[in-house]
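Enquirer: Everything in the sequence shown is counted per the working numbering, starting at 53 for the first residue and increasing by one.
Okay, here's the structure, questions in a sec.
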Amino acid sequence: MSTVSTEIAYQKCISPACEATYSLDEVLTGCPKCGELLDVSYNWDQVPVPQSLREFEKRWSNRNHPIDFSGVWRFRELLPFAQDDQIITIGEGQTMLKASNPVARYAGLNENCLYLQYEGLNPSGSFKDNGMTAASTHAVMVGAKVAACASTGNTSASLAVYSSVAQKFKVVVFVGSGKIAFGKLSQALDYGAKTIQIQGDFDDALARVREVCNEEGIYLCNSVNPFRLEGQKSIMFRVLESLNWEVPDWIV
Numbered sequence: 053m054s055t056v057s058t059e060i061a062y063q064k065c066i067s068p069a070c071e072a073t074y075s076l077d078e079v080l081t082g083c084p085k086c087g088e089l090l091d092v093s094y095n096w097d098q099v100p101v102p103q104s105l106r107e108f109e110k111r112w113s114n115r116n117h118p119i120d121f122s123g124v125w126r127f128r129e130l131l132p133f134a135q136d137d138q139i140i141t142i143g144e145g146q147t148m149l150k151a152s153n154p155v156a157r158y159a160g161l162n163e164n165c166l167y168l169q170y171e172g173l174n175p176s177g178s179f180k181d182n183g184m185t186a187a188s189t190h191a192v193m194v195g196a197k198v199a200a201c202a203s204t205g206n207t208s209a210s211l212a213v214y215s216s217v218a219q220k221f222k223v224v225v226f227v228g229s230g231k232i233a234f235g236k237l238s239q240a241l242d243y244g245a246k247t248i249q250i251q252g253d254f255d256d257a258l259a260r261v262r263e264v265c266n267e268e269g270i271y272l273c274n275s276v277n278p279f280r281l282e283g284q285k286s287i288m289f290r291v292l293e294s295l296n297w298e299v300p301d302w303i304v
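Given below as structure tokens:
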């Protein structure tokens, strides 16, 4: 841990009172110093960027180049923590912003003022793929052999899909005793994940999986993982790209 990082990418505590930094190769789901969440940060003056924002859009037509076609990694200069040959992708992020005039009318809004970003078009069927591609990439970067998550369905399905593609780590899923999406859980099982059911709800499962990951050195892929959160930022990149990079009044 250091107070100032000279690396292009590093992990940083989100607490303004702490702001401790950690290298990329440290597997952390919270700041060891204060317990707050971590963010992936960059020294932007060291990052090469495209000459135009249009370069991100142009990449999307390159169907033969997986990281260009990915709706996450075509923005890789904005997520510069991995080398191109380290990226684990399954074509996630093929989603676009669309005007929804029927919903706008129902809500008493003018037409062409309300847009929806439907993330159900992702390979596993949920927005979780945006983050899981980044978390899986980091898991491979640090040599993880087992990854785990607590889930009621979507997270486990997403993680298991990426594990099957990467072929670098196995997956263990902790589930509670109720409110489980069995269709999604069956996805995870089909892709080879092992499931452990515990008494309690999702919060109990999350507490237990965090405990086990800390004790056994297992890579945790829930949304306390800073790299998973980093990948999910790409949803906003696509939203803004669809709006010609003009920020709307409200984003919900």
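Glycine included, C-beta positions come from ideal geometry on N, C-alpha and C.
Bear in mind that the values here come from a model prediction, so they are computed numbers and not experimental data.
For PHE108, list the residues DSSP reports as bridge partners.
Expert: Answer by DSSP bridge pairing: none, since PHE108 is not bridged.
Enquirer: Check ALA61 in the structure and name its three-state DSSP category.
Expert: strand
Enquirer: Could you spell out where the alpha helix (DSSP H) holding ILE139 opens and where it closes?
Expert: Per DSSP, ILE139 belongs to no alpha helix (DSSP H) and is neither H nor E.
Enquirer: Would you check if the distance between the CB atom of SER188 and the CB atom of ALA159 is smaller than 7 Å?
Expert: With respect to the 7 Å criterion, SER188 and ALA159 are not classified as neighbours on the basis of their beta carbons.
Enquirer: Looking only at C-alpha atoms, which of VAL194, ALA151 and GLN146 sits nearest to PRO175?
Expert: GLN146
Enquirer: Does DSSP put THR73 in a helix, in a strand, or in coil?
Expert: strand
Enquirer: Just the C-alpha distance for GLU268 and GLY87, rounded to the nearest angstrom, thanks.
Expert: 19 Å
Enquirer: Tell me LYS150's beta-bridge partners as DSSP assigns them.
Expert: LEU168
Enquirer: Taking ASP91 as the reference, give the member of ASN114, PHE133, PHE234 and SER152 with the closest Cα.
Expert: Measuring from the Cα of ASP91, the nearest candidate turns out to be PHE133.
Enquirer: Once DSSP output is grouped into helix, strand and coil, what is the label at ILE303?
Expert: coil
Enquirer: Spatial neighbours of VAL213 within its chain, please: C-beta separation below 7 Å, excluding the five flanking residues on both sides.
Expert: ILE142, PRO175, SER176 and TYR243
Enquirer: Specify, as a first and last residue, the run of the beta strand (DSSP E) that SER93 falls within.
Expert: Taken as a continuous stretch (DSSP letters only), the beta strand (DSSP E) holding SER93 covers 90-94.
Enquirer: Taking C-alpha atoms, which residue in SER294, TYR271, HIS117 and GLU293 lies nearest to GLY82?
Expert: Of the candidates SER294, TYR271, HIS117 and GLU293, the one whose C-alpha sits nearest the C-alpha of GLY82 is TYR271.
Enquirer: I believe SER294 touches MET148 by the beta-carbon criterion, under 8 Å. Please report the beta-carbon distance rounded to the nearest angstrom.
Expert: 6 Å
Enquirer: Could you give the residue range of the alpha helix (DSSP H) that holds GLN239?
Expert: Residues 234-242.
Enquirer: For VAL227, tell me which candidate among SER215, ARG106, PHE221 and ALA245 has the shortest Cα-Cα distance.
Expert: ALA245
Enquirer: Where SER203 and VAL101 are concerned, what is the direct C-alpha to C-alpha distance, given to the nearest angstrom?
Expert: 36 Å
Enquirer: Mapping DSSP to helix, strand and coil, what is PHE289?
Expert: helix
Enquirer: Is PHE234 buried or exposed, if buried means 16 or more other CB atoms sit within 10 Å of its CB?
Expert: Classification for PHE234: exposed.
Enquirer: In the DSSP output, what is THR247 paired with across the bridge?
Expert: By DSSP's assignment, THR247 forms a beta bridge with VAL225.
Enquirer: From this set, LYS236, GLY230, CYS265 and ASN164, which residue's C-alpha is nearest ILE250's C-alpha?
Expert: GLY230
Enquirer: Are GLU144 and THR185 touching if we call contact CB-CB under 7 Å?
Expert: yes
Enquirer: Let me confirm a value: ILE140 is counted as buried when at least 16 other C-beta atoms fall within 10 Å, else exposed. Which label applies?
Expert: buried
Enquirer: Within its chain, find whatever has a CB closer than 8 Å to the CB of SER152; leave out the 5 residues flanking it on each side and keep chain order.
Expert: LEU166, TYR167 and LEU168
Enquirer: Using the rule of at least 16 other Cβ atoms within 10 Å of the residue's Cβ for burial, across every protein chain shown, is ALA69 buried or exposed?
Expert: exposed
Enquirer: Expressed to the nearest angstrom, what Euclidean distance is found between the alpha-carbon atoms of VAL79 and PHE221?
Expert: 15 Å
Enquirer: Identify the residues that DSSP records as bridge partners of TYR271: which are they?
Expert: ALA199
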